Structures are given as structure tokens and as C-alpha cells.
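Working notes for the structure below.
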Amino acid sequence: MGQSIYSVKQVNTYIKNMFTQDFLLQKIRIQGEVSNCKYHTSGHIYFSLKDESGSIACVMFAGQRKGLAFSMKNGDQVVASGSVSVYERDGRYQLYAKEIMLAGSGLLYERFQALKRSLEEMGMFAPEYKQPIPGGIRVLGVVTAPTGAAIRDICNVARRRNPGIQIILYPAQVQGAGAADSIVKGIQMLDAIHVDTMIVGRGGGSIEDLWAFNEEKVARAIFECNVPVISAVGHETDVTIADYVADMRAPTPSAAAELAVDDVNALLSRMEQYERRIRFLMQGKLTLTKQRLSGYQVQFGYLSPWQQIREKRQYLADQEDRLRDGMDKRLQSAKNRMLLLVERMKGLSPLDKLKQGYSYTEMPDGKAVTRIAQVREGDTVRIHVSDGSILAQVKEKEKRDE
């Protein structure tokens with residue numbers, strides 16, 4: 016029987032399928048030294064991993080670059096995680112890396128990420144559980160090593176800001192076997208004596224040196240502490256699980272002391288500013304109140320009952336004077352009219368007429384004689400003159416032509 020003949024593509028595809036079906040090769044971690052590292056303009060990274068016995072080609076595509084937290088270079092000892100598969104065009108296999116970590120810290124970093132995800136899912140990092148850092152504290156608790164730069168920095172900064180601050184140190188072991196238990200005990204003891212605020216931390220170091228602050232028992236002790244906790248682990252770039260759980264993270268121990276202890280001199284300066292402002296506001300308030308009081312006094316002078324009575328009395332007196340003047344004028348006017356009428360009456364008085372030579376004649380029955388037809392010759396009439404009357408007899412009548 017003749018043997019089957021396959022194309023290169025068929026063989027490469029068959030081999031690729033074998034790699035794909037192998038579970039171990041689909042999720043593998045390989046440790047080695049980086050060589051031939053090239054950063055392509057497309058964003059892909061091409062490199063090789065080698066050891067004393069051989070090498071393997073590797074590639075990290077641009078979309079996976081978030082899995083690289085450092086700048087990789089030739090000579091680095093790394094642990095690359097990903098899958099091994101065949102590149103069909105060249106017929107060679109290579110590692111398709113998804114995550115690359117420096118060797119030595121790789122396993123610890125993986126544990127760190129796993130614990131971080133677990134505690135975050137429990138809600139231990141949630142903002143609603145964070146306690147506010149109180150102001151004006153009197154007692155500061157510190158959990159750290161009794162020797163070293165961390166405690167010196169904390170004490171120097173705290174006492175500079177507030178010379179009267181009381182610092183209680185729990186001398187904890189912060190590195191090596193038993194460090195996590197020592198830190199937990201320190202947190203619990205300072206919490207039991209009710210310090211105002213607590214700083215938990217140490218100086219910088221490698222991930223191995225800081226690992227005690229990545230232990231779950233330390234995270235739970237910080238989370239369950241009734242006293243507000245400030246974490247101050249390492250330098251500014253170092254981040255631990257304790258930083259996520261604490262009520263506040265400080266980049267350094269010195270910064271933690273700055274955050275925990277109020278600056279008394281600055282506080283006194285603010286108090287003096289507040290005092291000056293209060294005095295200024297009170298002076299302005301007093302001036303305004305005095306002005307209002309003066310205004311009220313003027314208004315009271317106008318609106319006082321006694322002032323009103325005096326004004327009414329003056330008004331009545333003025334009205335009385337006006338009434339008297341009016342009455343006097345009316346009386347004088349009436350007198351003038353009466354005198355005028357008297358003069359007019361004098362011109363019409365019969366007595367005045369008689370004095371002027373006129374006379375008044377009347378019949379015996381007292382009727383005035385105004386026409387000659389009223390009398391006959393021989394009738395007796397009485398003639399009144401200015402100083403008496405004359406009894407006369409009619410002798411003759413003579414009618415005047417009209």
C-alpha cells in the first residue's frame with residue numbers, strides 16, 4: 016500500500032490542533048531569562064526565554080500589554096504565563112504570553128492579586144466602611160518596629176506638629192516568620208486601650224519584606240479595629256493589602272504622622288484669624304445696632320404718647336386761636352354791616368324826615384292821609400311835625416295834575 020502524501024499546511028495545521036487539544040499547553044507558566052527582546056511599532060513584544068538547556072520563542076500582543084507591569088529587557092528573569100501554539104506560516108511553535116512577572120516575586124504577586132480580589136468581593140475595601148480620621152487627637156498609637164527610620168520619622172513629625180501629643184508604640188515584628196501575628200496583636204492591644212488614631216506600617220522594601228502586610232489576618236484586624244487606622248507601609252510606590260483595608264493610606268510614615276496629628280501652630284494661627292474676624296464682625300454688629308437704636312430713639316420721640324399729647328395740645332391751641340380770630344372777624348363784619356344798615360335806616364326814618372321839614376297827616380281814626388280823596392272839606396285831621404302834632408280842619412282841596 017502506498018503512503019499518503021500531505022501538504023506542509025496540513026501538517027502544520029495538524030500539529031497546531033495537537034497543541035490546542037493539550038490542556039497543559041493552553042495555560043502554562045514558563046520561567047527563563049529574556050533575550051532578543053524587541054518592542055515592535057505595532058505594540059507587540061517579541062522575545063525569547065532561555066535557560067541553560069535551550070530557548071523558546073515568545074510574543075505578547077499589544078492587546079495583552081496590561082499583563083506587563085514593568086519595562087522588560089534582555090537579561091531579566093521572568094515568569095511568563097500564556098499558551099503554546101504553532102505559527103502555521105513558519106511551522107514553529109511559540110509562547111503567546113498574556114502575563115509576565117519578574118521571577119521570585121511572581122508567585123507572591125499572584126497570591127497578592129488573589130487575596131485582593133477575595134477581600135474586595137467581601138466588601139472590605141468599600142468606602143462606606145472607612146472611618147474618618149478625627150482632628151485634634153491627644154493619643155496616637157503606632158504599630159511598627161521599635162527601631163528604624165519609620166518610628167523616628169513618625170515621632171519627629173508628630174511632636175513637631177503637636178509637642179503635647181502622647182505616642183504609644185507597640186514594638187511589632189514587621190518582617191519574617193511571625194510578623195503578621197505580631198502586627199495583629201499590636202492592633203488589637205492599641206484598640207483595647209482606645210487610642211484616638213492608629214498608624215500601622217514600616218519602611219520600604221521588597222515584596223518579600225512587606226509581605227506581612229499582605230496577610231489576610233492583618234487585613235481583618237485592621238478592618239475590625241474600632242480605632243481609625245492609617246496605613247504607612249513602605250515608600251510611595253509600595254502598595255499592600257493593608258493600604259486597601261485601612262481607613263486612610265499614607266505614602267510614607269512621615270506623611271501618616273502629618274495626616275494623623277494636627278499642626279498646633281497652624282491651629283493657633285487659624286484661631287487668631289477667627290478671633291480677629293469675630294471681633295470685626297461683632298464691632299460691625301455693635302455699630303449697626305447703635306445706629307438702629309439711634310433711629311428707634313428718634314422714632315420714639317415722634318411716636319411717644321407724651322409727644323403725641325403735646326402735639327395734640329398745640330394743635331388744639333392753634334385751632335382755638337384760629338376760631339377766635341374767625342369769630343372776631345365775623346363779629347366785626349357783622350358790626351360793620353349793622354352800622355351800614357343803621358345809616359341806611361336813618362335815611363328812611365320818619366322822624367328824620369320830619370326834622371327836614373316834612374310832616375305826617377292822619378285821619379282821626381289814625382289812618383295816614385296819602386290822597387286828597389280821603390278827606391272832605393271841613394274834616395278834622397292831625398298833622399305831625401318834628402316836635403309835636405297840629406289839629407287842623409280842611410278848608411280846601413286842590414288836586415295836582417299828574
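According to our numbering, the sequence shown holds residues 16 to 417 in order.
For every residue, glycine included, the Cβ atom is placed at its ideal position computed from N, Cα and C.
Only a predicted model underlies this, so the values are computations on that prediction, with no experimental measurement involved.
Query                                                                                                                                                                                                 : Result
How should alanine 192 be labelled, buried or exposed, when 16 other C-beta atoms within 10 angstroms of its C-beta is the threshold for buried?                                                      : exposed
Based on DSSP bridge pairs, tell me the residues matched to phenylalanine 62.                                                                                                                         : Cys73
Which parts of the segment 230-266 are runs of the beta strand (DSSP E), unbroken and 3 residues or longer, counting only runs that do not cross its ends?                                            : 244-248
Beta carbon of valine 248, beta carbon of leucine 225: below 7 Å?                                                                                                                                     : yes
Starting from the C-beta of asparagine 51, find all residues in its chain whose C-beta is less than 8 Å away, skip the five residues before and the five after it, and write them out in chain order. : Tyr61, Phe62, Ser63, Asn89
Taking buried to mean at least 16 other C-beta atoms within 10 Å of its own C-beta, is phenylalanine 295 buried or exposed?                                                                           : exposed
Could you pull the start and end residues of the alpha helix (DSSP H) that lysine 53 belongs to?                                                                                                      : Looking at the DSSP string, lysine 53 is not in any alpha helix (DSSP H); the run it does join, the beta strand (DSSP E), is 43-54.
Could you tell me which of Lys81, Gln92, Met75 sits nearest to glutamate 67, measuring between CA atoms?                                                                                              : Gln92
So what's methionine 33 in DSSP terms, helix, strand or just coil?                                                                                                                                    : helix
Could you check the C-alpha separation between alanine 271 and threonine 255 for me, to the nearest Å?                                                                                                : 15 Å
Ignore the nearest five residues each way along the sequence and tell me which others in methionine 16's own chain have a CB closer than 8 Å to its CB.                                               : Confidence at methionine 16 is low in this model, with a pLDDT of 46, below 50, so its placement is unreliable and no value can be given for it.
Report the residue from Glu413, Gln312, Ile169, Gln41 whose alpha carbon sits nearest the alpha carbon of arginine 391.                                                                               : Glu413
Asparagine 229: buried (16+ other C-beta within 10 angstroms of its C-beta) or exposed?                                                                                                               : buried
Rounded to whole angstroms, what's the CA-CA distance from tyrosine 375 to isoleucine 387? Just pull it up for me.                                                                                    : 14 Å
If you check the beta carbons only, do alanine 276 and asparagine 177 fall under 7 Å apart?                                                                                                           : Checking the sequence shown, residue 276 turns out to be valine, not alanine. Contact flag set, yes.
Among Gly97, Ser197, Met286, Val396, which has the Cα closest to the Cα of glutamine 41?                                                                                                              : Gly97
What number of angstroms, rounded off, separates the C-alpha of tyrosine 29 from the C-alpha of isoleucine 43?                                                                                        : 21 Å
If you follow the alpha helix (DSSP H) that alanine 160 is in, where does it begin and where does it stop?                                                                                            : Alanine 160 -> no alpha helix (DSSP H), and no H or E assigned at all.
Rank Asp380, Val400, Gly403, Ser401 by C-alpha distance to the C-alpha of aspartate 394 and give the top, closest one.                                                                                : Asp380
Using a Cβ distance threshold of 8 Å, determine whether the segment 300-316 contacts the segment 205-217, with at least three qualifying pairs required.                                              : no
Could you give the distance in angstroms between the alpha-carbon of methionine 204 and the alpha-carbon of alanine 112?                                                                              : 47 Å
Which runs of the alpha helix (DSSP H), 4 residues or longer, sit entirely within the segment 136-183?                                                                                                : 164-176
Let me know the secondary structure DSSP gives tyrosine 311 once reduced to three states.                                                                                                             : helix
Tell me which residues share the same chain as aspartate 206 and place their Cβ nearer than 7 Å to its Cβ, disregarding the 5 neighbours each side in the sequence.                                   : Cys240, Asn241, Val242
Name the DSSP beta bridge partners of glycine 216, please?                                                                                                                                            : Ala247
DSSP on glutamine 190, reduced to helix/strand/coil?                                                                                                                                                  : coil
Answer yes or no: do leucine 155 and glutamate 231 have a C-beta to C-beta separation smaller than 7 Å?                                                                                               : no
My assumption, with CB atoms under 8 Å, is that alanine 265 sits in contact with isoleucine 245. Please give the rounded CB distance.                                                                 : 5 Å
Look at the alpha carbon of glycine 58 and the alpha carbon of aspartate 37, and state the distance between them as a whole number of angstroms.                                                      : 29 Å
According to DSSP, is alanine 349 part of a helix, a strand, or is it coil?                                                                                                                           : helix
Using the C-alpha atoms, what's the distance from lysine 410 back to serine 419?                                                                                                                      : Since the first residue of the chain shown is 16 and the last is 417, residue 419 is not available in this structure.
Roughly how many whole angstroms lie between the Cα atoms of tyrosine 185 and glycine 201?                                                                                                            : 6 Å
Which partner residues does lysine 83 have in the DSSP bridge list?                                                                                                                                   : The residue asked about is misnamed: residue 83 is leucine in this sequence, not lysine. DSSP, once it has assigned bridges, lists Ile115 as partnering leucine 83.
Let me know the secondary structure DSSP gives valine 101 once reduced to three states.                                                                                                               : strand
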